[in-house]
Amino acid sequence: MLSSLTTSEAIVASVLALVVIAVSIIFFATLIMVVVRRERISSLVNHGEHADGKQKSLGDFFRSLRKK
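For the sequence shown, this note's numbering begins at 237 and goes up steadily by one.
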């Protein structure tokens, strides 16, 4: 397919394909990081409990981060 294109068209097509691949990699990497960060925060929150045995909330988690 690229053989029917001129040299400049082939270069533009290749660069465009690389840009599309790079954008998709960045998108999926960001998506994975968001999911991992959300699960890590929820696991930290679910791991902690108050002295009376009640579950810590997400607000408690962020308040404890601010105190440090």
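Positions of the beta carbon are idealized from the N, C-alpha and C atoms, including for glycine.
Query                                                                                      : Result
Once DSSP output is grouped into helix, strand and coil, what is the label at Leu301?      : helix
Ile257 to Ile247, Cα distance in whole Å?                                                  : 15 Å
Checking contacts by CB at 8 Å: is Thr243 closer than that to chain C?                     : Checking the listed chains, one finds no chain C in this structure; it contains a single protein chain.
When you compare only the Cα positions, how much space is there between Leu294 and Arg273? : 13 Å
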